[in-house]
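Residues in the first sequence are numbered from -14 upward in steps of one, following the working numbering.
Structure, as structure tokens:
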Amino acid sequence: MVSREVRDKLTQITLRRNIIFPSADIYPPMGGIFDLGPVGKGVRDKIVRIWKKLFIERNGYFEVDTSLILPEIAVKASGHIDHFSDPVTTCKSCGAKFRADQLLEENKIETAGTTIEDINRLLHHSDIKCPNCGNKGFTEVAFFNLMFKTNIGPVEGTPGYLRPETAQGIFMAFPRMFKSYGKLPMAMGQVGRSFRNEISPRQGVVRLREFNQMELEYFFDPNDQSFPRFRDMAGKKVAVLTYEEQEKSKVQSKAEQRRNEAKPVVLTCQELLDKKIAPNEITAYFIGLTFEFYEACGIPFESMRFRQLSPSERAHYSGGTFDLEVQTSFGWLETVSLAYRTDYDLKSHETASGSNITVVTPDGRRIIPHVVEPSFGLDRLLWAVLEHSYRGKDEAHDWEWLNLPTALSPYDVAVFPLMKKDGLAEKAQDISSLLRNKGFTVIYDESGSIGKRYARADEIGMKWAVTVDYDTLKDETVTLRDRNTAKQTRIKINEISSIVSKF
RNA sequence: GCGGCGGUAGUCUAGCCUGGUUAGGACGCGAGCCUUCCAAGCUCAUAACCCGGGUUCGAAUCCCGGCCGCCGCACCA
């Protein structure tokens, strides 16, 4: 586990360097909403770039960008009106808040399919006592929906909602996309923002009201759950915490503790299939690909595991769900959900819209495709990446620094003149624009001493720093400093671009 | 939402208990001098009492409410 101290130190850096900071904070603060400064945005963009490479481009999948605003009928169909709002009631004696349906269920009163009026009646005609203070008497049950509601059109226009996940846009675009490109299996992904009006956001960027997702929907014929070229992934090693393993740990207390004490097993993707842990090649493939992605983002193998969810934990329609959890200062943190959603979503939209969403297979069957969905929480991943990259002082650094993978460096290269005078600054600026014109992102810094500038660059995780000194003026060479070792090598100016882009 | 604790420049913090300060310091940032490679030094500058109300001649300080944060509980389809 990453220590609490690391979280505090990192939080100071992210504020001091404006990597992540509270939104609109010239006004009274809002919880659960943050801005990214240039460095945070730079690192996050690079995480997205790697994701796209692996989850979209590698297998020729489609990337789309669907709307943030959804009509009410769509969120009704997806189940977010009914399942995404909690019936909340308050104890009149002690003020504790409860979910009314859970109170009833705990007292063996069936609530499935009941309306809010039913729940109210059942609750107020029962002898249920407050689990907190033991007294009877609850307030009127009210729904609290986690979606942001708005109006489409003028004041009293059609009700609309900010999307609570990016997935629904993909499902609704599926029929149209399939008609022009369609052949199963087919996959579409998108990177975008989603909104959940959390009751009490906590823990920095871990629970946000406005957050970023990277989701891929993989559509396939349920009669063929193989994955094309699965063999490419078959040997990939992953860590998995099976449901059985979680059950075996006999710690009686909280489910969370039970999970934490259970040991993940390291298996290849092929073994996931052989041992029947993964339901199909598709799931096994994406488990492997997710590990590859996280390792590329600098998360150590030992600090992550796919946890198989128990039947009671996963959504009712799910054919199997695995969460990727990463060790952070908050404990094991869920950052990816890999869900087998069956045909639930497409079927719901077909029913609600009346559109025909079936597709015809090559052998003439008319089916609704099934879906496997790897869904990534980008903000949580960004935070986990930062925590794992944090380094304190060491032999090569008399300051804190971020050991980000080269591919996640917020800018490609830093350029410093050894000093401002004698034309060094001008030469360094020339080199900066040369590199910028070649498409590199460059930070140029001439203030303070050279050591201070190295420290500043290290603190935001810059991998490379080029320094212009007096030899540069004589022979067109510069020194290239590697962040991790602080070692410098002298290279020609025209070699910079090949070395820096090599990674 | 409940309970406990907290909120002072960009960051860290002193002051609060025991009301009266030009609200102090450090780091950072900016300008300048100096400086031939890892947060050197000097000068100057920038910048803060979360919001609202109350008590008082006077509130960063005491009281109440709100907002936000941390910890615990609850919640997290």
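Beta carbons: idealized from backbone N, C-alpha and C, even for Gly.
These numbers were taken from a predicted model, which means no experiment stands behind them.
Three or more Cβ pairs closer than 8 angstroms define a contact, and the region 386 to 393 falls short of that threshold against the region 342 to 359.
Between I445 and A369, the beta carbon gap of about 17 angstroms keeps them out of contact (Cβ cut-off 8 angstroms). About 11 angstroms separates the beta carbon of L107 from that of T74, a gap too long to meet the 8 angstroms contact definition.
The closest CA to that of F159, considering only L147, S486, A172, is found on A172. Relative to M404, the option among I66, L294, A59, Q414 whose CA is nearest is Q414. For W368, the enclosing alpha helix (DSSP H) stretches over residues 363 to 374. Of the residues assessed, H65 falls on the buried side of the cut-off, its CB having 16 or more other CB atoms within 10 angstroms.
Listed as beta-bridge partners of T327 by DSSP are V356. Two segments are said to touch when three or more pairs of C-beta atoms, one from each, lie closer than 8 angstroms; by this definition the region 219 to 234 does not touch the region 49 to 58.
Note that the region 454 to 466 does not touch the region 418 to 426; fewer than 3 beta-carbon pairs, one per stretch, sit closer than 8 angstroms. With fewer than 16 other Cβ atoms from the protein chains shown falling within 10 Å of its own Cβ, E(-10) counts as exposed. Given a length threshold of 3 residues, each whole run of the beta strand (DSSP E) inside the region 390 to 423 is given here in chain order: 398 to 402. Counting only runs of at least 3 residues, the region 419 to 465 fully encloses the following beta strand (DSSP E) elements, listed from N- to C-terminal order: 427 to 429, 449 to 453. Distances from the CA of V251 to each of P264, F286, Y279 were compared; the closest alpha carbon is that of F286. Spatial neighbours of F315 in its own chain (CB-CB distance under 7 angstroms, excluding positions within 5 residues in sequence) are listed in chain order as Q188, V191.
Contact annotation: D430 and V485 have beta-carbon atoms that are not nearer than 8 angstroms. Under the DSSP assignment, G27 falls in the alpha helix (DSSP H) whose first and last residues are 23 to 36.
Taking a C-beta distance under 8 angstroms as the contact criterion, I272 and F307 qualify as a contact pair. Under the three-pair Cβ rule at 8 angstroms, the region 358 to 365 does not count as touching the region 336 to 343. Each residue's CA atom was taken as its position, placing W449 and A399 some 6 angstroms apart. Between the alpha carbons of D(-7) and V33 lies a distance of about 26 angstroms. Setting aside the 5 residues that flank it on each side, P249 is surrounded in the same chain by A224, V225, L226, R290, each with a C-beta closer than 7 angstroms to its C-beta; the list follows chain order. By the C-beta criterion, the region 163 to 182 is judged to be in contact with the region 194 to 204, since at least 3 inter-stretch pairs fall below 8 angstroms. P160: not part of any beta strand (DSSP E); member of the alpha helix (DSSP H) spanning 152 to 166, first to last residue. Following the DSSP letters along the chain, one finds S482 inside the alpha helix (DSSP H) bounded by residues 481 to 486. In this structure, the straight-line span from the alpha carbon of T253 to that of Q312 is close to 21 angstroms.
H109 sits in a helix when the DSSP states are folded into three classes. An exposed status is given to H110, since fewer than 16 other beta-carbon atoms sit within 10 Å of its beta-carbon. Per DSSP, the continuous beta strand (DSSP E) segment holding L226 begins and ends at 222 to 226. Rounded to whole angstroms, the separation of the alpha carbons of V60 and G142 is 17 angstroms. DSSP places T124 outside both helix and strand once states are collapsed to three, so it counts as coil. For F291, the uninterrupted beta strand (DSSP E) segment begins and ends at 289 to 293. The C-alpha of E277 lies about 20 angstroms from the C-alpha of S211. It is roughly 32 angstroms from the alpha-carbon of R43 to the alpha-carbon of M(-14).
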